[in-house]
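Participant: Each residue of the sequence shown is one higher than the one before, starting from 852 at the first, in my numbering. First, the structure itself, so that you have it in front of you.
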Amino acid sequence: MAEIITFDPAYFQELTKDLGDVSRSLDDAKASLQKVSVGLDSGLVAFALCVSLNNDIKKVQKTTNARISETNGYSKSLQSGIMRVNGWEETTKNRESGLASQLVKTWGFENANFAGVAAADSSRETTPTSLTSPGNPNLAAQNMDSKFYTQNFSGIARTLIYNGKERMNCVYYARARAMEANQMTEWTGGNQGQSEIRANSIAKFLDSNGNRHDVFIESVEYDSNNQPMRVTLSESNMGSHPDGRRTTVDWEHFKNRDGKTVDSYTYL
852 MAEIITFDPA YFQELTKDLG DVSRSLDDAK ASLQKVSVGL DSGLVAFALC
902 VSLNNDIKKV QKTTNARISE TNGYSKSLQS GIMRVNGWEE TTKNRESGLA
952 SQLVKTWGFE NANFAGVAAA DSSRETTPTS LTSPGNPNLA AQNMDSKFYT
1002 QNFSGIARTL IYNGKERMNC VYYARARAME ANQMTEWTGG NQGQSEIRAN
1052 SIAKFLDSNG NRHDVFIESV EYDSNNQPMR VTLSESNMGS HPDGRRTTVD
1102 WEHFKNRDGK TVDSYTYL
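Pasting the structure below:
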């Protein structure tokens, strides 16, 4: 005999309700999973962007480091160059000073007449005039472009360097002018060690330190007692005046000129 199954409506309603709750729970879980998926995708994108940005930063940093290293190299080279230039400048000064000192010791070249003629002294100097003196020879005119100022004198330098400027050595000039004035073909030395001034001679000046300055005596004017009154001379390497300058000075000023006194004369 078959079993009779009894249907309970209340049970069915409860089961339906439970199934509905399960369905809603599944829907909520699905929604949550979708949110997690979206978040995960965004995170992956953000992570990828961070990795790419980090790589770019590393590249920029590498390039920057290379530029810094290169700049440091330039800086070191520049500093080295500056040090070399400073060293050359100091060496040049030392050599110039040493050369000037050696020239003074060897040939008595002056190193004190670059300061220029003092104002009180310059007022005593005048434009040279046509002066005559007993026995004054007819000297040849001066021409600084002539061959006499490019010749060589044994043991006498033609020029000196002072404060970066090239000047004709006064000893050289006096000899060259003497040869030009007398149209000499070679330097014979003249009659040295004389004590009296006269035209067509070289005057040698010395100071207390042995510094030397030579000038060529162009002419001398005498008073009624046959005493020197004024002297016209030419010289080089004197203050800011051009080399080969001619000037006329009174006798007292001539004897004690620029802190130096006459030591002797050389007659030509």
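All C-beta atoms, glycine included, are put in the ideal place defined by N, C-alpha and C. Remember, it's a predicted structure, so these values are computed and weren't measured experimentally.
1) Return the CA-CA distance between Asp1074 and Thr1036, expressed in angstroms with no decimal places.
2) If I'm right that Ile1012 touches Asn1020 with Cβ under 8 Å, what's the distance once you round it to whole angstroms?
3) Just to confirm the assignment, what range does the alpha helix (DSSP H) spanning Glu1069 have?
4) In angstroms with no decimal places, state the Cα-to-Cα distance between Thr1083 and Asn1077.
5) Rounded to whole angstroms, what's the CA-CA distance from Phe1056 to Thr1001? Just pull it up for me.
6) Determine the direct distance from the alpha carbon of Asn1042 to that of Asn989, and round the result to whole angstroms.
7) Given that a residue counts as buried once 16 or more other Cβ atoms are within 10 Å of its Cβ, and exposed if not, what is Asn1003?
8) According to the neighbour-count rule (16 or more other Cβ atoms, all chains shown, within 10 Å of its Cβ), is Val1066 buried or exposed?
9) Between Ser997 and Ser1046, how many whole angstroms is the CB-CB distance? I'm expecting something under 8 Å.
10) Taking all protein chains shown into account, decide if Thr1112 is buried (16 or more other Cβ within 10 angstroms of its Cβ) or exposed.
11) State the beta-bridge partners of Pro1079 as determined by DSSP.
12) Considering Met1030, what are the terminal residues of the alpha helix (DSSP H) in which it resides?
13) Tell me the DSSP secondary structure of Ala882 in three-state form.
14) Quick one: what's got a C-beta closer than 8 Å to Ile1068's C-beta in the same chain, skipping five residues either side?
15) DSSP three-state call for Asp872: helix, strand or coil?
16) I need the straight-line Cα distance from Thr1039 to Ala1025, nearest angstrom please.
17) Buried or exposed for Ala1027, going by 16 or more other Cβ atoms inside 10 Å?
18) Within the same chain, show all residues whose beta-carbon is closer than 7 Å to that of Lys909, passing over the 5 residues directly before and after it, in chain order.
Facilitator: According to the structure data:
1) 35 Å
2) Contact doesn't hold; Cβ gap of about 11 Å is too wide.
3) No alpha helix (DSSP H) holds Glu1069; the beta strand (DSSP E) holding it covers Arg1063 to Tyr1073.
4) 16 Å
5) 24 Å
6) 19 Å
7) exposed
8) buried
9) Actually they do not touch by this definition, with Cβ atoms about 31 Å apart.
10) exposed
11) Tyr1073
12) Cys1021 to Asn1033
13) helix
14) Ile1048, Arg1049, Ala1050, Asn1051, Ser1052, Ile1053, Ala1054, Val1082, Thr1083, Leu1084 and Tyr1116
15) helix
16) 13 Å
17) buried
18) none
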